Each structure stands twice: as C-alpha cells, then as structure tokens.
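Some notes on the structure that comes next.
2 protein chains.
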Amino acid sequence: MTERIYTAGLVVIGDEILSGRTHDKNIAQIASWLQVQGIRLSEVRVVPDVIERIVEAVNALREGYDYLFTTGGIGPTHDDITVDAVAAALGVEVVIHPDARAILEKYYADKPGGLNEARLRMARVPEGAELIPNRMSGAPGIKLGNIHLMAGVPHITAGMLDALTGTLEGGLPLLAETIGCWTPESEVADILRQVETAHENCQIGSYPFFREGRVGANFVVRSTSRDELRSCVDSLCDGLATAGFDFTPGGI
Amino acid sequence: MTERIYTAGLVVIGDEILSGRTHDKNIAQIASWLQVQGIRLSEVRVVPDVIERIVEAVNALREGYDYLFTTGGIGPTHDDITVDAVAAALGVEVVIHPDARAILEKYYADKPGGLNEARLRMARVPEGAELIPNRMSGAPGIKLGNIHLMAGVPHITAGMLDALTGTLEGGLPLLAETIGCWTPESEVADILRQVETAHENCQIGSYPFFREGRVGANFVVRSTSRDELRSCVDSLCDGLATAGFDFTPGGI
Numbered sequence: 001m002t003e004r005i006y007t008a009g010l011v012v013i014g015d016e017i018l019s020g021r022t023h024d025k026n027i028a029q030i031a032s033w034l035q036v037q038g039i040r041l042s043e044v045r046v047v048p049d050v051i052e053r054i055v056e057a058v059n060a061l062r063e064g065y066d067y068l069f070t071t072g073g074i075g076p077t078h079d080d081i082t083v084d085a086v087a088a089a090l091g092v093e094v095v096i097h098p099d100a101r102a103i104l105e106k107y108y109a110d111k112p113g114g115l116n117e118a119r120l121r122m123a124r125v126p127e128g129a130e131l132i133p134n135r136m137s138g139a140p141g142i143k144l145g146n147i148h149l150m151a152g153v154p155h156i157t158a159g160m161l162d163a164l165t166g167t168l169e170g171g172l173p174l175l176a177e178t179i180g181c182w183t184p185e186s187e188v189a190d191i192l193r194q195v196e197t198a199h200e201n202c203q204i205g206s207y208p209f210f211r212e213g214r215v216g217a218n219f220v221v222r223s224t225s226r227d228e229l230r231s232c233v234d235s236l237c238d239g240l241a242t243a244g245f246d247f248t249p250g251g252i
Numbered sequence: 001m002t003e004r005i006y007t008a009g010l011v012v013i014g015d016e017i018l019s020g021r022t023h024d025k026n027i028a029q030i031a032s033w034l035q036v037q038g039i040r041l042s043e044v045r046v047v048p049d050v051i052e053r054i055v056e057a058v059n060a061l062r063e064g065y066d067y068l069f070t071t072g073g074i075g076p077t078h079d080d081i082t083v084d085a086v087a088a089a090l091g092v093e094v095v096i097h098p099d100a101r102a103i104l105e106k107y108y109a110d111k112p113g114g115l116n117e118a119r120l121r122m123a124r125v126p127e128g129a130e131l132i133p134n135r136m137s138g139a140p141g142i143k144l145g146n147i148h149l150m151a152g153v154p155h156i157t158a159g160m161l162d163a164l165t166g167t168l169e170g171g172l173p174l175l176a177e178t179i180g181c182w183t184p185e186s187e188v189a190d191i192l193r194q195v196e197t198a199h200e201n202c203q204i205g206s207y208p209f210f211r212e213g214r215v216g217a218n219f220v221v222r223s224t225s226r227d228e229l230r231s232c233v234d235s236l237c238d239g240l241a242t243a244g245f246d247f248t249p250g251g252i
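Spelled out as structure tokens, the structure:
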C-alpha cells in the first residue's frame with residue numbers, strides 16, 4: 001500500500017532571526033498546523049533580507065515540495081522585500097491588488113496618516129496572486145500557486161493559518177504517541193532500534209532531557225497508520241517492561 | 001575601506017523540529033554567540049533525520065560559508081546519524097576517537113550499564129576530527145575543518161560554544177542599537193528608508209509588535225563601525241523627533 005505523502009518547505013525571511021535578536025516561533029507553529037492538514041514540513045531555510053538569497057531559497061523549495069510557505073518581509077518598510085523576491089523568482093510583475101488596496105483603505109481610514117505610500121506597499125502582490133485573509137490587522141497574506149506568503153509576527157501568521165485551514169490538499173496525518181522514561185536513552189538504545197526495525201511503517205525518535213537534576217528521554221513513535229502505531233507502541237512498552245525500565249505513557 | 005566579513009551556516013538536524021514538537025532554541029543561541037565572535041550567521045537549514053538530506057545541506061553550507069555548525073543527531077540512539085552524514089559528505093571513514101572513548105569510559109564507569117555499545121556510538125567521529133569539550137555531560141562535540149558538530153539539547157550546546165569561545169577567527173563584530181516607538185512602522189517608513197540610504201555602512205531593521213493593546217515597532221540599526229552606527233542612530237532620532245514621534249532609546 002503506497003500512499004501519497006504531501007510535503008512543504010518553509011523559508012523564514014529575516015535578519016532578526018539570523019542575528020539572534022528574535023527567537024523564531026513560526027517554524028513550530030507552521031509545522032504543527034501542517035501536521036493537522038496532513039502535510040509534512042520537510043525543510044526550513046532561514047535567509048537574510050537580501051533579495052537574491054530569498055529568490056534562491058524560494059526557487060529551491062517551491063520546486064522541491066508540494067507547498068511553500070514564507071514568513072516575514074511583507075510589511076510596509078524598506079526591509080520588506082518578500083513580494084519583490086517571489087515575483088522575481090516566478091518571473092512575474094509586482095502589481096497592486098485591488099482587494100488588498102480596498103482592505104487597507106478601510107483599515108487605515110480612521111488612523112493617523114491614512115493609507116500613505118508605505119502602507120500601500122502592503123497591497124503589492126506578484127501578478128496573479130490571491131489574498132489570504134488577515135483577521136488580526138490590515139495587510140493580507142498572499143497565495144500564488146503553491147506559494148503562501150505569511151507575516152513575520154507570529155500571531156498574525158496564526159490568524160492567516162486559521163484562514164487557510166482545510167483549503168490545502170493533504171494526505172493522512174502523521175500520528176504520534178510518546179512514551180517517557182527517567183532513564184538515559186543510551187540504556188535503551190538497543191530496544192528502540194529493534195522495535196523500529198520490526199515496524200517498518202513507524203519511526204521512533206528519541207529526545208533526551210535533563211530535568212530536576214535527573215536524566216530522561218521521551219520516545220516519540222510516528223506513523224500514518226493508527227493500527228501500526230498502536231502495535232509499535234505496544235512492542236516498545238513490552239520491550240521496556242521486559243528489560244525492567246519504568247515508563248510513562250504519554251511522555252514526561 | 002573593505003573589511004573581511006566572516007560568515008557561518010547552520011544545519012539543524014531533527015524530525016522533532018520539523019514536526020513542531022520541539023521549539024528550536026539553538027538558532028538564536030548560536031546566532032548570538034557568533035555575533036560576539038565577529039561571525040555572521042548567514043543561513044540556516046532545518047532538515048529531517050535522513051542521511052541524504054543532511055549530506056546535501058552540509059555540503060551546500062560548508063562550501064558557501066566560512067564556518068558550518070550542525071545541531072542534533074550526535075547521541076547514542078539509532079536516529080543519531082549526523083556523524084555518518086558528515087563523514088559521507090566529506091568522503092572520509094567513521095572511526096572511534098580514542099580520547100572520546102576515554103572520556104566516555106570515565107563518564108559511564110559508575111553508571112548502570114557502563115560504556116555499552118550504544119554509548120560507544122558517541123565516540124564515533126569522521127576520520128581526522130578533533131573533539132569539542134562537553135562540560136555538561138559525557139559525549140563531546142566534534143570539529144573537522146570548518147565544520148562543528150554540536151548537541152541538540154540547548155544547554156549542552158551552550159557548554160560546547162563556551163569551550164569554542166575565542167578559537168574561531170572572526171571579523172569586526174556587527175554592532176547594533178535599538179530605538180523603540182509606540183507608533184505603527186508604516187507611519188515612519190519614509191524616515192527609515194531615508195536614514196538608511198544616507199548611511200551606506202548601516203542597515204536598519206524594523207520589527208513591529210503588538211503589546212498591551214497598542215501597536216509599536218523597534219528599529220534596529222546595525223553596523224561594524226561604532227562611529228557610523230552612532231551617526232545613523234543620531235540621524236534616526238533627529239528624523240523621528242522632527243516629525244513629532246516619541247521614541248525610546250534602547251528599544252521598547
């Protein structure tokens with residue numbers, strides 16, 4: 001049984017991430033959202049606010065995966081160049097989207113400065129694009145083919161993802177179940193390997209941690225099949241119990 | 001006046017980041033550390049625990065930048081394949097490093113299970129590599145040419161970075177100063193653009209936020225020259241004051 005796996009790439013655009021000034025929250029947010037849509041985030045690239053670098057990453061990832069998301073660089077200031085970069089990557093013009101202009105006119109009607117030239121930049125889209133509703137502030141996201149341009153501010157991106165929910169074709173969601181142990185992963189490495197080998201449609205990830213002065217690990221079993229996931233988790237629990245390790249279903 | 005700019009790439013290895021399960025902390029941590037070393041983090045790629053994908057990213061970034069860092073995948077379990085991937089990327093063998101073996105023998109001497117086969121995996125290195133001290137737990141990091149293999153667990157990586165401090169050749173550190181405004185960035189976009197254009201060795205980033213129900217932005221001015229940074233920040237403050245905007249030196 002082969003099943004279609006849907007994949008996505010993400011380009012995070014922003015000097016502020018690469019300088020360490022801002023801790024990215026969009027990778028985890030978009031990854032989690034994609035899982036629920038039945039789409040796997042397969043690669044992320046973080047690139048600076050340099051048009052050639054954005055173009056290169058956009059072209060690599062839009063061709064390599066079913067969907068491409070970008071975050072950042074769609075605001076009103078001079079360092080917001082994502083629209084220009086995506087248009088250049090696709091070889092299309094940048095145009096003012098009439099609906100985006102109307103949204104911004106309404107949003108800024110009663111605000112100081114009104115729809116000034118800088119704000120009108122947020123109505124610019126690569127020719128042929130549709131808008132992604134922004135329920136948090138004025139400027140919309142942008143969708144063109146398999147490319148989705150989202151905001152850099154995480155809660156605005158959250159609203160845009162919400163608006164996209166259920167609109168992208170996906171496959172079976174990747175299910176996951178976690179088993180936690182207050183045991184160094186190096187004591188149970190053989191069990192993990194054996195159980196994974198015996199369940200070919202499951203993967204087991206091992207994520208060690210140090211908490212409260214003690215060493216432990218969470219083992220995450222992933223599969224698109226609920227039955228195979230169940231069987232693999234049961235085998236792992238049996239293996240741990242047989243070897244005398246305590247474990248916590250659901251993870252620690 | 002041209003000055004040598006030192007750059008680094010980072011490959012974050014781990015299904016747990018791409019699934020959204022774990023929020024990455026290593027990008028910001030390594031970025032901030034590199035800034036202090038006078039090295040700019042220029043690109044990050046997040047890839048899954050798949051050897052071909054790691055090899056591809058390692059080869060792209062080790063050739064594209066002065067330094068390459070990787071995080072994740074150097075532990076004792078079956079999903080820890082970074083050493084194998086880097087060896088494959090470089091076309092060298094994987095060998096047991098005698099010093100790493102000695103470190104692990106000592107570390108596990110009094111622990112249940114001792115230095116078992118899984119733990120001995122953590123002494124494996126691409127042939128020719130040196131070790132990076134791990135002050136937090138047993139297994140060391142690995143350095144080979146311009147490549148640095150760090151742990152996935154952030155506080156272990158912090159200790160490894162600490163051990164590397166001052167050992168990498170860098171250029172002038174990128175200095176930064178922040179000015180905050182309780183003003184939408186779209187009202188001051190023209191000022192930002194004009195000031196940046198007038199100071200060719202400075203960049204200004206604009207980072208909007210929503211807090212306490214109000215809109216604001218921080219403007220980060222960056223330069224390797226302390227004098228030019230000072231001059232650019234002064235111009236920005238003058239421009240904001242002249243246009244009647246309140247601002248907060250140091251940022252909000």
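Chains A and B, in that order, give the protein sequences.
Counting in full-length UniProt numbering, the first sequence runs from 1 upward without gaps.
Counting in full-length UniProt numbering, the second sequence runs from 1 upward without gaps.
For every residue, glycine included, the Cβ atom is placed at its ideal position computed from N, Cα and C.
Here the structure is a predicted model, which means the values were calculated and not measured.
Any chain A beta carbon closer than 9 Å to residue i
i	result
Tyr65 of chain B	no
Gly239 of chain B	no
Asp162 of chain B	no
Asn116 of chain B	yes
Val153 of chain B	yes
Thr242 of chain B	no
Met122 of chain B	yes
Ile132 of chain B	no
Lys25 of chain B	yes
Selected residue, minimal CA-CA separation from residue i, among the options
i	options	result
Pro98 of chain B	B:His148, B:Ala129 and B:Val83	B:Ala129
Asn134 of chain A	A:His155, A:Gly239, A:Phe209 and A:Trp33	A:His155
Val188 of chain A	A:Ile142, A:Phe69 and A:Ser206	A:Ser206
Thr224 of chain B	B:Cys202, B:Gly251 and B:Val215	B:Cys202
Leu131 of chain B	B:Gly114, B:Leu164 and B:Tyr108	B:Leu164
Ala176 of chain B	B:Trp182, B:Glu196, B:Arg222 and B:Gly152	B:Arg222
Leu174 of chain A	A:Ala88, A:Phe245, A:Ile74 and A:Asp227	A:Asp227
Thr178 of chain A	A:Asp49, A:Gly250, A:Val50 and A:Ile39	A:Gly250
Val58 of chain B	B:Thr183, B:Asp79, B:Asp84 and B:Phe210	B:Asp84
Ala118 of chain B	B:Pro76, B:Gly244 and B:Tyr6	B:Pro76
residue 253 of chain A	A:Tyr65, A:Ala28, A:Ala88 and A:Leu168	This structure leaves residue 253 of chain A out entirely; chain A is present only between 1 and 252.
Arg214 of chain A	A:His199, A:Ala198 and A:Thr183	A:Thr183
Pro208 of chain A	B:Ile74, B:Val92, B:Asp110 and B:Ala60	B:Ile74
Val36 of chain A	A:Asp190, A:Ala198, A:Leu172 and A:Val125	A:Leu172
Lys106 of chain A	A:Ala123, A:Gly91 and A:Val11	A:Ala123
Leu149 of chain A	A:Glu200, A:Asp110 and A:Arg62	A:Arg62
Val11 of chain A	B:Ile5, B:Thr7, B:Tyr6 and B:Leu18	B:Leu18
Arg101 of chain B	B:Val92, B:Ala198, B:Gly141 and B:Val86	B:Gly141
Phe245 of chain A	B:Pro112, B:Ala243, B:Ile30 and B:Thr248	B:Pro112
Leu34 of chain A	A:Gly170, A:Thr242, A:Cys237 and A:Tyr108	A:Gly170
Glu52 of chain A	A:Asp24, A:Ala28, A:Ala31 and A:Ile81	A:Ile81
Proximity below 9 Å, CB of residue i to CB of residue j
i	j	result
Gly72 of chain B	Asn26 of chain B	yes
Gly9 of chain B	Leu41 of chain B	yes
Gly152 of chain B	Cys181 of chain B	no
Val220 of chain B	Arg21 of chain A	yes
Val94 of chain A	Val125 of chain A	yes
Asp66 of chain B	Thr157 of chain B	no
His78 of chain A	Leu240 of chain B	no
Ser235 of chain A	Asn116 of chain B	no
Ile5 of chain A	Leu168 of chain A	no
Val195 of chain B	Leu144 of chain B	no
Ile96 of chain B	Ala139 of chain B	no
Neighbour flag for residue i against chain B, beta carbons, 9 Å
i	result
Gln35 of chain A	yes
Leu168 of chain A	no
Val125 of chain A	no
Ala102 of chain A	no
Tyr207 of chain A	yes
Ser137 of chain A	yes
His78 of chain A	yes
Leu41 of chain A	yes
Ser235 of chain A	no
Leu18 of chain A	yes
Pro184 of chain A	yes
The ligand NAD heavy atom lying under 8 Å from the CB of residue i
i	result
Pro184 of chain B	As presented, the structure is devoid of all ligands, the ligand NAD included, so that no description of it is given.
* Counting Cβ pairs closer than 8 Å, one from the region 42–58 of chain A and one from the region 228–237 of chain A, do we hit at least three? -> no
* Which runs of the alpha helix (DSSP H) fall wholly inside the region 41–93 of chain A and span at least 4 residues, in chain order? -> 51–64 and 82–90
* Which ranges does the alpha helix (DSSP H) cover as unbroken runs of at least 4 residues, wholly within the region 147–175 of chain A, from first to last along the chain? -> If only complete runs of 4 or more residues are kept, the region 147–175 of chain A shows the alpha helix (DSSP H) at 154–164, in order along the chain.
* Mind pulling the alpha helix (DSSP H) runs of 4 or more residues that sit fully within the region 96–134 of chain B? -> Qualifying alpha helix (DSSP H) stretches, in chain order: 98–108 and 117–120.
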